[in-house]
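Following the UniProt record's numbering, the numbering of the sequence shown begins with 1 at its first residue and continues without gaps.
The C-beta atom is built at its ideal place from N, Cα and C for all residues, glycine as well.
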Amino acid sequence: MIHSIENDYLKISVDDHGAELCSIYDKIHNREVLWQADPAYWNRHAPILFPNVGRFYKDHYRINDREYPAKQHGFARDSEFTCLDMTADSITHVLKASESTMEIYPFDFELKVKHVLDKNQVCVCWEVTSHSEEPMYFTIGGHPAFNVPAEGIGSKEEYHLTFDGQDSLSYLLIADDASGTAAADKLYTLELDHGTCLIDAHMFDKDALIFDEQVEKAGFAFPDGSPYLELTCHGFPSFGIWSVPGSSFVCLEPWIGRCDDSGFTGDLSEKKYINVLNKDEIFNASYEIKIY
1 MIHSIENDYL KISVDDHGAE LCSIYDKIHN REVLWQADPA YWNRHAPILF PNVGRFYKDH
61 YRINDREYPA KQHGFARDSE FTCLDMTADS ITHVLKASES TMEIYPFDFE LKVKHVLDKN
121 QVCVCWEVTS HSEEPMYFTI GGHPAFNVPA EGIGSKEEYH LTFDGQDSLS YLLIADDASG
181 TAAADKLYTL ELDHGTCLID AHMFDKDALI FDEQVEKAGF AFPDGSPYLE LTCHGFPSFG
241 IWSVPGSSFV CLEPWIGRCD DSGFTGDLSE KKYINVLNKD EIFNASYEIK IY
């Protein structure tokens, strides 16, 4: 079931399936901002990545010398959430551990996802609670895809990526070993002009750009340089930017944890940027999408 709320600026819709934000309609400019999941390119809108962001090396992970299989980006995005609450300005969903999740993720968890509408901004809020006796390890992230170009305005390559005033950023790429993990031994540089760069047609030829400990704000500007949208994620250690070549969307991905470095075979507790909760502890994080 899809639930919708709106104000004078925006109308948003969230699906029980994956608690996925599936529409951000800009009422001021009469246009859809969120990618509408054309399966010819990518059949999702803004999935929640939990309990893992990206892929584990060789698609499994180890806890206390036991191995578990894990698919890319975890299982939450393909799970049916329960809608807990709807107000005039928020929609809250929950997913709880089950027998099927325990087979591949041996922790008793509760994941709440709340979408809050505030004027021309959407806040995506996560709350993770552990009910496990043992320490619970996880990563979590967002994967919203935005229409670039906006309807009827230019081409993708005429749009600017915007950051928070940096002169340049360093990033990793996905390894060439078909593992879907990061080639951590080689850094690339994204040169910026006053914190911006054009979206190059070949920017995503090797999949996502992976930024560690540099990006807490990113967005898009129209061809004339005026702002289109901005995503803010204070305190998030990693960030991804991804698109499918030839498509008309770009993803801005705020991550708290990310894919393995290629070749990593350690215990899950040793993974870079891993999060841990003890029994009854609660983890909270949120990011904001602002539409101009």
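query: Rounded C-alpha distance that separates Lys279 from Arg62; result: 20 Å
query: Classification of Gly276 by the beta-carbon crowding that lies within 10 angstroms, buried from 16 upward; result: Residue identity check: residue 276 is Val in the sequence provided, not Gly. That one is exposed.
query: Rounded separation between Gly165 and Trp255 - CA only; result: 20 Å
query: Which listed residue (Ser155, Asp212, Phe50) has its alpha carbon closest to that of Thr101; result: Phe50
query: For Leu173 and His73, the rounded distance between their alpha carbons; result: 17 Å
query: Closest Cα partner of Ser155 within the set Leu198, Cys125, Ala178, Ser170; result: Leu198
query: Ser170 burial status per 10 Å Cβ neighbour count (16 or more: buried); result: exposed
query: Sequence ranges, beta strand (DSSP E) only - wholly within the segment 54-115, length at least 3; result: 60-63, 66-69, 82-86, 90-96
query: Residue(s) in a DSSP beta bridge with Lys279; result: Beta-bridge pairing links Lys279 to no other residue.
query: Under 8 Å between C-beta atoms of Ile291 and Asn120; result: yes
query: Every unbroken beta strand (DSSP E) inside the segment 156-225 [3 residues or more]; result: 160-162, 168-171, 188-191, 196-198, 209-212, 217-221
query: Own chain, CB closer than 6 Å to Val53, minus 5 neighbours either side, in chain order; result: Thr139, Gly141, Trp255, Gly257, Arg258
query: Minimum C-alpha distance to Gly18 - residue among Asp8, Tyr25, Thr232, His45; result: His45
query: Simplified DSSP assignment, three categories, for Glu133; result: coil
query: Residue nearest to Ser130 in terms of C-alpha spacing, selected from Lys114, Lys96, Arg55; result: Lys96
query: Residues that Asn147 bridges to, as DSSP identifies them; result: Phe249
query: CA nearest to the CA of Phe178, picked from Lys27, Lys58, Tyr41, Cys22; result: This sequence places Ala at residue 178; Phe is not what is there. Nearest C-alpha to Ala178: Lys58.
query: Ser269 in three-state terms, based on DSSP; result: helix
query: Beta-carbon separation (whole angstroms), His143 vs Glu253, contact threshold 8 Å; result: 5 Å
query: Phe204 vs Pro245 beta-carbon contact at 8 Å; result: yes
query: Start and end residues, beta strand (DSSP E) containing Ser23; result: 20-26
query: Backbone secondary structure at Lys119 - three-state DSSP; result: coil
query: Test item: CB-CB of residue 323 and Ser238 under 8 Å; result: The requested residue 323 does not occur in the structure, where the chain is confined to residues 1 to 292.
query: Exposed unless 16 or more other CB atoms sit within 10 angstroms - verdict on Asp267; result: exposed
query: Segment limits, beta strand (DSSP E) that includes Trp242; result: 238-242
query: C-alpha distance - Asp241 paired with Phe163, whole-angstrom precision; result: Rather than Asp, the amino acid found at residue 241 in this sequence is Ile. The alpha-carbon atoms of Ile241 and Phe163 are separated by roughly 12 Å.
query: Counted within 10 angstroms of its Cβ, other Cβ atoms place Glu191 as buried (16 or more) or exposed; result: exposed
query: Element boundaries [beta strand (DSSP E), containing residue 293]; result: What the structure shows of the chain is the stretch from 1 to 292, and residue 293 is not part of that stretch, so it cannot be assessed.
query: N-terminal and C-terminal residue of the beta strand (DSSP E) that His3 is part of; result: 2-6
query: Expected contact under 8 Å - CB spacing of Val94 and Leu111 to nearest Å; result: 7 Å
query: One or two residues paired with Ile289 in a DSSP bridge; result: Val122, Leu231
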